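Numbering (the numbering used here), first residue to last: 1296 to 1591.
Backbone N, C-alpha and C define an ideal beta-carbon position, used for all residues, glycine too.
Just so it is clear, the structure is predicted and the values come from calculations on it, not from any experiment.
The structure appears below as structure tokens.
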Amino acid sequence: MIIVKLSGGLGNQMFQYAAGRRLAFHRNVPLKLDSTGFAKAMPDETVRHYVLDVFNLSADYAHPEEVAELCRVSTNPIMKAFKTAARTFQPLNMQTFFKERYFHFDPDMLLLGNNVYLDGYWQSEKYFLDVQEVIRKDFTVSAPIIGINLDISRKIMATNSVSIHVRRGDYVTNPIAEQYHGQCSLQYYQRAVEYVADITGDPHLMIFSDDIRWVQGQLQLKSPMTFVEHNGPELACEDLRLMSLCKHNIIANSSFSWWGAWLNRNPEKIIVAPEHWFKRQDISTTDLIPSAWHRI
């Protein structure tokens, strides 16, 4: 049994699920999800909820007893330190609790056994690339595309569509998130559009944002634009699906639009990603952005 700890928004939860799904697939064991952390948000944290139920997933919730068995957490600080040290010398395939050690890809994670609890973000396609078709199938939105979203999807298919995602939200309103992540500059989006246009010709820009009004007032681009503003946070999966249907993608420093681009099946797609994903320069994002994507 593989248990994955879930945290963060839709994009983060997708990374966590995908990493656990790959390990469970290769070990031929069930995958279970631990969503109990959403009830423990600190006052200065953005409140999150389990949101993977919009997809056709192959996983159940983990029971508290199953989590406790694999984590074997001790409240005694001496015992806790002893267990942490003991894991250092334990063979990977025998470990029952594995916490992400750093942001970039950790190949040791792929060597874990068939009975382990995963605690981390796992933000690299290297954790699941060898089962990418399984992941793509699992991340199919279960509801059919209808209404305005169907109309927009037809426009996407009929034009040289390029999705642009502008992430603001807690990157602006939460001081901790702002200091950690920062925001992509307007110059980044201008250069990204120029890069795509030079290769593909005149694009039709499909604009996605959690602050459309700000984008409409600030983002000055010459190409025709469609602002996708009707879905809102409760239907974020619909925005994700529409992004994935676009021919090309310009993403923000956001796991949400990362997935919109990764799920794009266009074999000739051009993906532009920001060079700087975090404000902190000591966090390696080498394994976050696939090698075929272009960074600006």
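{"query": "Residue from P1402, A1354 and S1302 with nearest C-alpha to D1582", "result": "P1402"}
{"query": "Unbroken alpha helix (DSSP H) run spanning M1538, endpoints", "result": "A1531 to L1540"}
{"query": "N- and C-terminal bounds of the alpha helix (DSSP H) containing F1525", "result": "At residue 1525 the sequence reads His, which differs from the Phe that was named. Element bounds for H1525: n/a, residue is neither H nor E."}
{"query": "Touch test, the stretch 1411-1423 against the stretch 1300-1316, Cβ-Cβ under 8 angstroms, three pairs minimum", "result": "yes"}
{"query": "Rounded C-alpha distance that separates N1469 from T1495", "result": "37 angstroms"}
{"query": "Sequence-distant residues of the same chain with beta carbon closer than 6 angstroms to Q1418, five excluded per side", "result": "F1310 and L1583"}
{"query": "G1415 vs E1395 beta-carbon contact at 8 angstroms", "result": "yes"}
{"query": "Y1412 - partner residues in DSSP beta bridges", "result": "I1298 and F1392"}
{"query": "Pick from S1539, M1538, P1528 and E1489 that is closest to R1515, judged by C-alpha positions", "result": "This sequence places Gln at residue 1515; Arg is not what is there. That would be E1489, whose Cα lies nearest to the Cα of Q1515."}
{"query": "Reference G1555; option with closest CA among I1566, F1398, F1434 and S1539", "result": "S1539"}
{"query": "N1351 vs S1437 beta-carbon contact at 8 angstroms", "result": "yes"}
{"query": "Per-residue burial, W1500 [other beta carbons within 10 Å of its own, 16 or more giving buried]", "result": "The question names Trp, yet the displayed sequence has Leu at residue 1500. The residue in question, L1500, is buried, as its Cβ has 16 or more Cβ neighbours within 10 Å."}
{"query": "Proximal residues to S1456 (C-beta, below 6 angstroms), its chain only, five neighbours per side dropped", "result": "H1499, M1501, C1541 and K1542"}
{"query": "Integer-rounded CB distance, given that H1460 should sit under 8 angstroms from K1574", "result": "Contact doesn't hold; Cβ gap of about 19 angstroms is too wide."}
{"query": "Beta carbon of S1518 nearer than 8 angstroms to that of A1492", "result": "yes"}
{"query": "Nearest-angstrom Cβ-Cβ length linking F1503 and V1523, presumed shorter than 8 angstroms", "result": "5 angstroms"}
{"query": "Beta bridge counterpart(s) of F1503 as assigned by DSSP", "result": "H1460 and V1523"}
{"query": "For M1404, the three-state DSSP class (helix, strand or coil)", "result": "helix"}
{"query": "Buried versus exposed, by CB contacts within 10 Å (16 or more), P1528", "result": "exposed"}
{"query": "Identified DSSP bridge partners for N1544", "result": "S1458 and I1566"}
{"query": "Spatial neighbours of P1325 in its chain, beta-carbon cut-off 6 angstroms, leaving aside the 5 residues before and after", "result": "M1296"}
{"query": "Per-residue burial, W1509 [other beta carbons within 10 Å of its own, 16 or more giving buried]", "result": "exposed"}
{"query": "Alpha-carbon spacing of R1463 relative to R1536, whole angstroms", "result": "20 angstroms"}
{"query": "Exposure of N1388, with buried meaning 16 or more beta-carbon neighbours within 10 Å", "result": "exposed"}
{"query": "Backbone secondary structure at F1310 - three-state DSSP", "result": "helix"}
{"query": "Nearest-angstrom beta carbon gap, I1545 and A1487 [assumed within contact, 8 angstroms]", "result": "4 angstroms"}
{"query": "Spatial distance of S1330 from D1348 (CA atoms)", "result": "12 angstroms"}
{"query": "Status (buried if at least 16 other CB within 10 Å, exposed otherwise) for E1570", "result": "exposed"}
{"query": "Whole-Å CB distance - V1237 paired with Q1390, under 8 angstroms assumed", "result": "Outside the displayed span of the chain (1296 to 1591) sits residue 1237, for which this structure offers no information."}
{"query": "Between the CA atoms of K1432 and L1558 - distance to the nearest angstrom", "result": "10 angstroms"}
{"query": "Through-space distance from L1445 to H1525, alpha-carbon basis", "result": "12 angstroms"}
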